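Enquirer: Sending over a structure as structure tokens; questions will come in a sec.
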Amino acid sequence: MFESKNNGRGVLRSETYLDTSHQPTDPVGRDSKINRIADAVRPLNRRRKPENLLIYGPAGVGKTTCVKHVFNQLEEQTRVKTVYINCWQYNTRSSLLTELLIQLGYPAPRKGKPVDELLAKISEWIEKNRGVAVALDEFDQLDEHNEIIYDLEMMNNDSENQVGLLMVSNQQPETVELDPRSRSRLNCQTLQFKPYTADKITQILQDRVDQAFRPGTVPSETIQRISEIVADNSGDLRNALQLLLRAGRKADKEGRKKVDIDMISKNSE
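Just so you know, UniProt numbering puts the end of the sequence shown at 269, numbered straight through with nothing missing.
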């Protein structure tokens with residue numbers, strides 16, 4: 001029941017690179033976006049005020065991947081601290097500030113600790129250490145986003161070390177509800193991520209194929225077919241990766257030596 005017809009020599013060699021949560025070392029096809037994000041946080045390294053960015057676009061277009069890539073480089077090349085928080089998981093003011101505190105290296109505070117105490121601890125860390133770049137992914141899921149923005153921006157009044165905010169959202173900027181006080185304080189710039197084109201999806205898939213599959217097992221026409229299907233529907237890279245993974249697993253199950261184009265049409269129906 002569970003044996004492959006390929007006897008351990010299937011087309012797939014590492015499914016890790018087809019996982020939608022995989023963070024590529026060098027994201028393909030988003031150089032201008034990466035540079036823009038880097039420009040926004042770069043002043044933190046010189047204790048200058050960074051640009052706050054609202055990064056928006058539909059799901060699966062590389063927003064989170066690009067932010068995490070810039071943050072990895074920022075940690076490796078500077079003294080700036082980075083904090084990434086998914087607001088689906090931490091969607092209240094107290095839970096988000098608690099997670100921020102933990103990522104700064106403090107022990108987990110007791111539950112129910114007053115917000116003022118959490119803010120005082122965060123401010124203390126920033127004052128004694130260095131600037132912080134904070135990414136709030138799924139920003140539109142926050143229950144108290146106006147208060148959180150105000151909390152974090154107020155810290156820039158009290159220290160040479162600054163806090164930079166990157167807010168990542170699937171929503172258009174005009175639909176993100178911010179009160180006038182928060183909008184004025186943020187002075188936020190926007191960065192739009194559009195759906196991937198078929199050509200961009202092809203570039204990315206070829207990069208993943210080189211890592212995930214054995215050489216010569218995924219023809220170029222197969223990659224192009226997946227790219228066309230996904231670009232015509234959503235431009236969501238995650239769908240392309242899932243489609244390719246299902247086809248690879250099917251090829252292994254059937255004992256095939258290649259992921260042929262006919263397998264893609266079957267998997268896309």
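Yeah, the Cβ is synthetic: ideal placement off N, Cα and C, and Gly gets one too. All values derive from a computational prediction rather than experimental measurement.
Taking the beta carbon of Q211 as the centre, do at least 16 other beta carbons fall within 10 Å, making it buried, or is it exposed?
Expert: Within the sequence shown, numbered from 1, the residue matching residue 211 stands at position 211. Exposed.
Enquirer: Taking all protein chains shown into account, decide if K257 is buried (16 or more other Cβ within 10 angstroms of its Cβ) or exposed.
Expert: Reading the sequence shown from its first residue, position 257 is the one you call residue 257. Exposed: under 16 other Cβ atoms inside 10 Å.
Enquirer: Determine the burial state of M167: buried for a count of at least 16 other Cβ atoms within 10 Å of its Cβ, exposed for fewer.
Expert: The residue labelled residue 167 in the question sits at position 167 within the sequence shown. Answer is buried; the Cβ neighbour count reaches 16.
Enquirer: Within the same chain, show all residues whose beta-carbon is closer than 7 Å to that of residue 305, passing over the 5 residues directly before and after it, in chain order.
Expert: Residue numbering for the chain in the displayed model covers 1 to 269; residue 305 lies beyond these limits and cannot be assessed.
Enquirer: Looking only at C-alpha atoms, which of T98, D158 and N45 sits nearest to V132?
Expert: Here residue 132 refers to the residue found at position 132 when the sequence shown is read from its first residue. Residue N45 is the option with its Cα nearest to V132.
Enquirer: Using C-beta distances below 6 Å, list every residue in its chain close to L191, excluding the 5 sequence neighbours before and after it, in chain order.
Expert: Here residue 191 refers to the residue found at position 191 of the sequence shown. Correct list, in chain order: R36, L53 and I55.
Enquirer: Which residues share a DSSP beta bridge with I149?
Expert: Position 149 of the sequence shown, counting from 1, holds the residue named residue 149. Its beta-bridge partners do not exist; DSSP assigns none.
Enquirer: Among the candidates I201, L74 and N157, whose CA atom is the shortest distance from the CA of G60?
Expert: For the purposes of this step, residue 60 is taken as the residue at position 60 of the sequence shown. Nearest of I201, L74 and N157 to G60, Cα basis: I201.
Enquirer: Tell me which same chain residues have a C-beta within less than 6 Å of the C-beta of T92, skipping the five on either side of it?
Expert: Taking the sequence shown and counting its residues from 1, one reaches residue 92 at position 92. D143, listed in sequence order.
Enquirer: Start and end of the beta strand (DSSP E) containing N233?
Expert: Here residue 233 refers to the residue found at position 233 of the sequence shown. Where N233 is concerned, there is no enclosing beta strand (DSSP E), although the alpha helix (DSSP H) it sits in stretches over S220 to N233.
Enquirer: Using three-state DSSP, classify V83 as helix, strand or coil.
Expert: What you label residue 83 is simply residue 83 of the sequence shown in a count that begins at 1. Note: V83 maps to strand in three-state DSSP.
Enquirer: Check each candidate in R225, G248 and N233 and name the one with the smallest Cα separation from I261.
Expert: Translated into positions along the sequence shown, residue 261 becomes position 261. Per the Cα distances, R225.
Enquirer: Within 8 Å, do at least three Cβ pairs link the region 72 to 83 to the region 245 to 253?
Expert: Because the criterion of three Cβ pairs below 8 Å is not met, the region 245 to 253 and the region 72 to 83 do not touch.
Enquirer: Check the C-beta distance from I223 over to L243 and give it rounded, since I have them as a contact under 8 Å.
Expert: Stepping through the sequence shown from its first residue, residue 223 is reached at position 223. Stepping through the sequence shown from its first residue, residue 243 is reached at position 243. Going by Cβ atoms, the distance from I223 to L243 rounds to 11 Å, so no, they are not a contact pair.
Enquirer: Ends of the beta strand (DSSP E) at G10?
Expert: Numbered from 1 along the sequence shown, position 10 holds the residue referred to as residue 10. Element bounds for G10: n/a, residue is neither H nor E.
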